[in-house]
Amino acid sequence: MKRLVGIDLGGTNIRAALATGETQHATPAHRATPAAEGPDAVLSAIAECVHEAAGGAIDGAAIGVPGPLDSQAGVVHTAPQLPGWRELPAGPMLAKLLGCPVAVRNDASLAGFAEWKAGAGQGTRHFLFVTASTGIGGALIVDGHLYDGGSGSGGEVGHSPMGLEGPACNQGHPGCLEGFASGTGIARQAREAIERGESTSLAMLAPDAVDARAVELAAGAGDRVAAGIFSAAGRAIGRALGGLINLLSPDVIAVGGGLINAGDLLFAPLRAGVAEIAFEYPASKCRIVPAGLGTDAGLVGAVAWAVETFDPQSGSARV
Ligand SMILES: [Zn+2]
Numbered sequence: 074m075k076r077l078v079g080i081d082l083g084g085t086n087i088r089a090a091l092a093t094g095e096t097q098h099a100t101p102a103h104r105a106t107p108a109a110e111g112p113d114a115v116l117s118a119i120a121e122c123v124h125e126a127a128g129g130a131i132d133g134a135a136i137g138v139p140g141p142l143d144s145q146a147g148v149v150h151t152a153p154q155l156p157g158w159r160e161l162p163a164g165p166m167l168a169k170l171l172g173c174p175v176a177v178r179n180d181a182s183l184a185g186f187a188e189w190k191a192g193a194g195q196g197t198r199h200f201l202f203v204t205a206s207t208g209i210g211g212a213l214i215v216d217g218h219l220y221d222g223g224s225g226s227g228g229e230v231g232h233s234p235m236g237l238e239g240p241a242c243n244q245g246h247p248g249c250l251e252g253f254a255s256g257t258g259i260a261r262q263a264r265e266a267i268e269r270g271e272s273t274s275l276a277m278l279a280p281d282a283v284d285a286r287a288v289e290l291a292a293g294a295g296d297r298v299a300a301g302i303f304s305a306a307g308r309a310i311g312r313a314l315g316g317l318i319n320l321l322s323p324d325v326i327a328v329g330g331g332l333i334n335a336g337d338l339l340f341a342p343l344r345a346g347v348a349e350i351a352f353e354y355p356a357s358k359c360r361i362v363p364a365g366l367g368t369d370a371g372l373v374g375a376v377a378w379a380v381e382t383f384d385p386q387s388g389s390a391r392v
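For the sequence shown, my numbering begins at 74 and goes up steadily by one.
Structure follows, in structure tokens:
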């Protein structure tokens, strides 16, 4: 097997690990992300982290980056948590630092790839992954391939249009699913409800303590305003997934990210939202399940993508 490294880049932490199998890796190395120091500092920290993880020369690496990007050119369009990352050719820059080819993918795409290879989507041909936390990301596996479309930027399942009016997402699209149903969107709707003077226990919290987790806890404790916001978020995700079921007829949809800790508070309205939009037959053939790999999915996906890209024989030999 070739010596390959997977890298999970976040706004606060970098993790890198040497692949030991198709989806297995050695103990990861960690670094804090020097995000405020700009792209060069972050790329140097990634290279250090890779050297520590690999302990010698490597044949290739794959990195998951939090933002929309062109996976074919390795150019990151923007990464909200990484100041200065704008049209940044991170793939070629990192390839030069590491002395090997580097594949760049969106972090949620790689988390979805991990779920397909080793988690909730294992054994399927058509798989959809959606992850709902601060933002909403996801991945499409179509006919056994991680889909990125003609531009290398496709597969963004978190940015479906929900209505002509409605809250903007973290990228500024009006009426976008991410604006309704991300952690950021849920927190903002709760603060707006408080400002309107609605009767909710959330009004007793300090304004910056009103986050998605606080809304979830209040909803679980019977707060009707909080429950309404959470239920609307689940329904919005469900309606978006219902449209995607009609379009793609996936075998399995896995839902991951921090919001799934809410359990039925999220999944009950989500399933109701799916039923509003999806045709009955493809919906009956699609299982909707919680994701299986948790926060490990990003790193496992980067490792698996490195193997898939640079040593596919080794990968398929293990299936
Ligand atoms: Zn959007």
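Ideal Cβ positions, reconstructed from N, Cα and C, are used throughout, including at glycine.
Across the structure, Val78 and Thr204 are spaced so that their CA atoms are roughly 24 Å apart. Closest in C-alpha terms to Ala291, from the list Ala279, Thr273, Cys173 and Pro280, comes Thr273.
When only Cα atoms are considered, Leu170 and Ser304 end up about 47 Å apart. Per DSSP, the unbroken alpha helix (DSSP H) holding Ala181 starts and ends at Asp180 to Ala191. In the DSSP annotation of this structure, the continuous segment of the beta strand (DSSP E) that includes Thr204 starts and ends at Phe200 to Ala205. The three-state secondary structure of Glu238, taken from DSSP, is coil.
In summary, Ala266 is buried, with 16 or more beta-carbon neighbours lying within 10 Å of its beta-carbon over all protein chains present.
Contact between Pro139 and Asp113 fails: their C-beta atoms lie close to 18 Å from each other, not under 8 Å. Positions of the beta strand (DSSP E) runs, each at least 3 residues long and wholly inside the stretch 210–263, cannot be given because no such run exists. A distance of 8 Å or more separates the beta carbons of Trp378 and Ala127. By the neighbour-count definition (other C-beta atoms within 10 Å, threshold 16), Lys190 is a buried residue.
Using a Cβ distance threshold of 8 Å, Ala146 and Gly228 do not count as a contacting pair. Beta-bridge annotation (DSSP): His124 is not paired with any residue. Counting every other CB atom within 10 Å of its CB across the protein chains shown gives Pro342 a total of 16 or more, marking it as buried. Annotation for Arg88: the continuous beta strand (DSSP E) segment containing it runs Asn86 to Leu91.
As computed with DSSP, Gly329 is found in a beta bridge with Thr204. Going by DSSP, Asp337 is part of the alpha helix (DSSP H) stretching over Asp337 to Ile350. The beta carbon of Cys173 sits no closer than 7 Å to any heavy atom of ligand 1. Taking 8 Å as the cut-off, the Cβ atoms of Phe253 and Ala306 count as close.
In the three-state reduction of the DSSP assignment, Asp281 falls in the helix class. DSSP places Pro355 in the uninterrupted alpha helix (DSSP H) bounded by Glu353 to Ser357. The residue among Phe202, Asn319 and Pro101 with its C-alpha nearest the C-alpha of Leu82 is Pro101.
Beta-bridge annotation (DSSP): Pro363 is paired with Val328. Thr151 sits in a strand when the DSSP states are folded into three classes.
At a threshold of 7 Å, Glu238 does not count as near ligand 1, since its beta carbon sits no closer than that to any of the ligand's heavy atoms. Using a Cβ distance threshold of 8 Å, Leu219 and Ala163 do not count as a contacting pair.
For His246, the CB falls within less than 7 Å of some heavy atom of ligand 1. Between the stretch 146–160 and the stretch 333–349, the count of C-beta pairs closer than 8 Å stays below three; the two stretches do not touch. For Pro234, same chain residues with a beta-carbon under 7 Å away, outside a window of 5 residues either side, are Gly248 and Cys249 in chain order.
Here the alpha carbon of Thr368 sits roughly 14 Å from the alpha carbon of Phe202.
Glu289 sits in a helix when the DSSP states are folded into three classes. With respect to Gly256, Asp284 sits close: the two C-beta atoms are nearer than 8 Å. DSSP, reduced to helix, strand and coil, places Arg76 outside both helices and strands of the structure shown, so it counts as coil. For the options Gly331, Gly222 and Gly192, the alpha carbon positioned closest to that of Gln97 is the one of Gly192.
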